[in-house]
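**Student:**
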Amino acid sequence: MNCLDAMTDLTCFLLFSQLGGCGILGVGIWLAVTQGNFATLSSSFPSLSAANLLIVTGTFVMIIGFVGCIGAIKENKCLLLSFFIMLLIVFLLELTVVILFFVYTDKFRCCGVSNYTDWFEVYNTTRVPDSCCLEFSENCGLHSPGTWWKAPCYETVKVWLQENLLAVGIFGLCTALVQILGLTFAMTMYCQVVKADTYCA
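Under the numbering used here, the first residue of the sequence shown is numbered 1093, with each subsequent residue one higher.
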């Protein structure tokens, strides 16, 4: 693959990158509008939500797409390397969002795997984690069952995933594939520009 081929491949990737960034931004906005606080990852930090993380990530992808485009057109080593590093950061951010989604499944307005009584065996008393409370407050899990979420987490998460799994899965795989291709093209072009500079020196 010569430098011109790498530039063509990278330019095609940048088009897909921009579309991917728009898609991520769109999913983030959709989550923010339709899910509200449901997607909040921490009650202590309401702004730390899956929606906000996706919005930031989508915007970041679109911005670095422009950096990559300029780097490819100008065959600038610094911009190409910056593009590669920033794209790698975005990929890791998206991976983090997926991991956080599964780690914080107890924030899904539910309590326990089958119901809130699952926690009684864990604590060896009639209490639940504070995350099970309808209104979060310190030690609210010690109050009466009337103040706790009743829905089982397993069923809540299962239903949500069944309703959205195909769309989220396809989108996630396509985004990951496009970004991995971008990383490959960017590094290939960077190496060829470095090699060309070495020959010219």
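Cβ coordinates follow ideal geometry from the N, Cα and C atoms, glycine included.
Model, not experiment: these values are computed from the prediction.
1) Do Tyr1208 and Cys1232 count as a contact pair if the criterion is CB distance below 8 Å?
2) Whether or not the segment 1256 to 1266 and the segment 1240 to 1247 are in contact is what I'm after, with contact meaning three or more pairs of Cβ atoms, one per stretch, closer than 8 Å; do they touch?
3) Comparing C-alpha positions only, which one of Val1285, Cys1114, Ala1278 and Gln1284 sits nearest to Phe1175?
4) From this set, Trp1252, Leu1184 and Glu1230, which residue's C-alpha is nearest Gly1201's C-alpha?
5) Find the nearest neighbour of Ile1181 within the set Gln1110, Ile1272 and Thr1217, judged by alpha-carbon distance.
6) Would the segment 1144 to 1158 and the segment 1108 to 1115 be scored as touching if the rule is three or more Cβ pairs under 8 Å?
7) Does DSSP classify Asp1198 as helix, strand or coil?
8) According to DSSP, which residues form a beta bridge with Trp1240?
9) Please name the residue, chosen from Leu1106, Tyr1215, Thr1218 and Phe1183, that lies closest to Ala1164 on a Cα-to-Cα basis.
10) So, is Glu1230 buried or exposed, given that buried needs 16 or more other C-beta atoms within 10 angstroms?
11) Which of the three DSSP states, helix, strand or coil, is assigned to Ser1206?
12) Taking 8 Å as the limit between beta carbons, can you name the residues of its chain near Phe1263, skipping five residues before and five after?
13) Do you know offhand how far Leu1265's Cα is from Val1190's?
14) Return the residue from the list Thr1149, Leu1172, Asn1144 and Phe1183 that minimises the CA-CA distance to Thr1280.
15) Checking 8 Å against the spacing of the C-beta atoms, do Val1286 and Lys1169 come in under that value?
**Tutor:** Per the coordinate set shown:
1) no
2) no
3) Ala1278
4) Note on residue identity: the sequence assigns Arg, not Gly, to residue 1201. The candidate whose alpha carbon is nearest that of Arg1201 is Trp1252.
5) Ile1272
6) yes
7) Legend: pLDDT at Asp1198 = 49, less than 50; position of this residue unreliable, value from coordinates given subsequently. In this structure, Asp1198 counts as helix in the three-state DSSP scheme.
8) Cys1225
9) Leu1106
10) exposed
11) coil
12) Gly1115 and Val1119
13) 12 Å
14) Leu1172
15) yes
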